[in-house]
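Note sheet for the following structure.
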Amino acid sequence: AQSVTQLDSHVSVSEGTPVLLRCNYSSSYSPSLFWYVQHPNKGLQLLLKYTSAATLVKGINGFEAEFKKSETSFHLTKPSAHMSDAAEYFCVVSDGSVDSNYQLIWGAGTKLIIKP
Amino acid sequence: EAQVTQNPRYLITVTGKKLTVTCSQNMNHEYMSWYRQDPGLGLRQIYYSMNVEVTDKGDVPEGYKVSRKEKRNFPLILESPSPNQTSLYFCASSKIPGQGPEAFFGQGTRLTVV
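Read top to bottom, the protein sequences are chains G and F. Letter by letter, the first sequence follows residues 1 to 116 in my numbering. Letter by letter, the second sequence follows residues 1001 to 1114 in my numbering.
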């Protein structure tokens, strides 16, 4: 069975400082992993995805994530936070198998707060 | 422009009054699904469809119905809505989810049942 744990429900950083949003996953197969972002009262936008190629994945808006199989983690980072990064971030896993009905499993979300 | 279109964006209704939320995609995707989003729970899958006339239950199907008569459309039906179905709903489509191709999401439908 697959599962996703986002370790922090809220993360608060000052503008210009690094961002770290933590995600651990569990999957029986080789998973695909995604980060989505949801700005207030907006839809869901894909930030980046890992699909068994390079373990360091670069996404939009300066975000990146590193797949660490030994730690079953897929943490999201950004070197310097911007006010426009304030949003809720979701870590998502899928093993892409018919056994799981190709289902995307979502973490509970992490709200990123940016202090001026 | 590739997109998933949901309607309506906002809906307030009364308990027991049947309603339908429409979803349409223009990317010729086989896989479509409905999710509900509740605070602290992320997104939970309600129903999904692998292709036309093929639908199946997700994690939280109780109180919902779907149909897939055409590839592009995947409406969500609440036959007798109840207050615990107050939520934010998202429709999504993809080629084969979780294998590289991303899921594309509609803008969401905020439903309030009073």
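A virtual CB, placed ideally from N, CA and C, is assigned to each residue, including glycine. Remember, predicted model here, so these are calculated numbers, not experimental data.
*Is glycine 1098 of chain F close to chain G, meaning its C-beta is less than 8 Å from at least one C-beta of that chain?*
The predicted model places glycine 1098 of chain F with a pLDDT of 48, which falls under 50 and marks its position as unreliable; any figure quoted below should be read in that light. It does; some Cβ of chain G falls within 8 Å.
*asked:* Can you find the residues in the same chain that come closer than 8 Å, C-beta to C-beta, to asparagine 1105 of chain F, ignoring five residues on each side of it along the sequence?
replied: Strictly speaking, residue 1105 of chain F in this sequence is phenylalanine, with asparagine absent from that position. Closer than 8 Å at Cβ, skipping near neighbours: Val1004, Phe1090, Cys1091 and Ala1092.
*asked:* Closer than 8 Å between beta carbons: that is the criterion. Which residues of the stretch 102 to 114 of chain G meet it against chain F?
replied: Tyr102, Gln103, Leu104, Trp106, Gly107, Ala108 and Gly109
*Where methionine 1027 of chain F sits in the DSSP three-state scheme*: coil
*For the 8 Å Cβ check, are there 3 or more pairs between the stretch 1020 to 1039 of chain F and the stretch 1066 to 1076 of chain F?*
yes
_glycine 126 of chain G in three-state terms, based on DSSP_ = An answer regarding residue 126 of chain G cannot be provided, because it is not within the stretch 1 to 116 covered by chain G.
*asked:* My output table needs one value for asparagine 61 of chain G: the three-state DSSP class, helix, strand or coil.
replied: helix
*Kindly indicate which residue of F/Val1113, F/His1029 and F/Gly1063 has the alpha-carbon position closest to the one of serine 1049 of chain F.*
F/His1029
*Any chain G beta carbon closer than 8 Å to alanine 1002 of chain F*: no
*According to a CB-to-CB cut-off of less than 9 Å, which residues of the stretch 1079 to 1092 of chain F neighbour chain G?*
Phe1090 and Ala1092
_So, at 6 Å on beta carbons, what are the nonlocal neighbours of leucine 44 of chain G in its own chain, with the 5 sequence-adjacent residues on each side left out?_
Tyr36 and Gln38
*Got a sec: is the Cβ-Cβ distance from leucine 1041 of chain F to anything in chain G below 8 Å?*
yes
*At least one CB of chain G closer than 8 Å to the CB of phenylalanine 1074 of chain F: is that the case?*
no
*Where does the unbroken beta strand (DSSP E) through glutamine 38 of chain G begin, and where does it stop?*
32 to 38
*Thinking C-beta only, is phenylalanine 63 of chain G closer than 8 Å to leucine 46 of chain G?*
no
*Note down, in chain order, each residue of its chain lying with its Cβ closer than 7 Å to the Cβ of serine 52 of chain G, except the 5 sequence neighbours on either side.*
Ser30
*Take methionine 1027 of chain F as the anchor and find which of F/Gln1107, F/Lys1071 and F/Ser1082 has the nearest alpha-carbon.*
F/Lys1071
_Nearest residue (CA-CA) to aspartate 1038 of chain F, options G/Gln6, G/Ile113, G/Gly109 and G/Pro79_ = G/Gly109
*Under 8 Å by beta carbon: chain G residues contacting valine 1025 of chain F*: A quick correction: the sequence has glutamine, not valine, at residue 1025 of chain F. Simply none; closest approach about 13 Å.
*Could you list which residues in chain F have their beta carbon closer than 9 Å to that of lysine 58 of chain G, in chain order?*
Simply none; closest approach about 15 Å.
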